[in-house]
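Residue numbers (the working numbering): 113 to 258.
Structure first, commentary second.
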Amino acid sequence: MIPNENSYCEIDPNVVDQWGIPVLRFHFKWSQDELLQAKHMQDTFKELIEAMGGVVTRSGNDSDNWGIARGGEIIHEVGATKMGDNPKTSVLNQYCQAWDVKNLFITDAAPFVSNADKNPTRTISALGWRTSEYIADQVKKFNVKV
């Protein structure tokens, strides 16, 4: 997903979970670029299958989304605590440390700004490793309390 201003989450002002904690409300919209990419992929697959003598038995263009699932329906969802180099435009620094809460580190897929359709597990592991080394260094320097 390409980051866009129409895709974000916020605290729902009306809905709470079983413990009375407000839940997230998601807003989601594919960009025109992503829809065109999906259309191009479908067209290319059709051309390849037919060039090999195959028959396309199912088309991905049965909706306006060209076969792309709605947000939350596919695996490897990422984002929500954007990593960046500016506290005004991101939640976390390059070490997955919250700008506003120095002893808070987010080491899952939440820091991703965007994600392709590939499995992010190795990147998550690498970021976790880097973050753990940074935490150990910061604890030794007494910059972070544990």
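We treat Cβ as the ideally placed atom computed from N, Cα and C, and that holds for glycine.
Collapsing the DSSP output to three states places Y246 in a helix.
Of the other Cβ atoms in all chains shown, 16 or more fall within 10 Å of the Cβ of T243; this residue is therefore buried. By the Cβ neighbour-count rule, V203 is buried, with 16 or more other Cβ atoms within 10 Å of its own.
For H139, the enclosing beta strand (DSSP E) has its first and last residue at 134-139. With at least 16 other beta carbons inside 10 angstroms of its own, M195 counts as buried.
Rounded to whole angstroms, the separation of the alpha carbons of N205 and G191 is 14 angstroms. Counting C-beta atoms within 10 angstroms of its own C-beta, L136 has fewer than 16 neighbours from the protein chains shown and is therefore classed as exposed. Note that the segment 234-254 touches the segment 216-223; at least 3 beta-carbon pairs, one per stretch, sit closer than 8 angstroms. Contact between N118 and K151 is absent: CB atoms are separated by about 19 angstroms, not below the 8 angstroms threshold. Per DSSP, reduced to three states, the secondary structure at D124 is strand. Within the same chain, and ignoring the five residues on either side of W211 in sequence, the residues whose Cβ sits closer than 6 angstroms to its Cβ are P199. Contact between N116 and L147 does not hold, since the beta-carbon distance rounds to 12 angstroms and is not under 8 angstroms.
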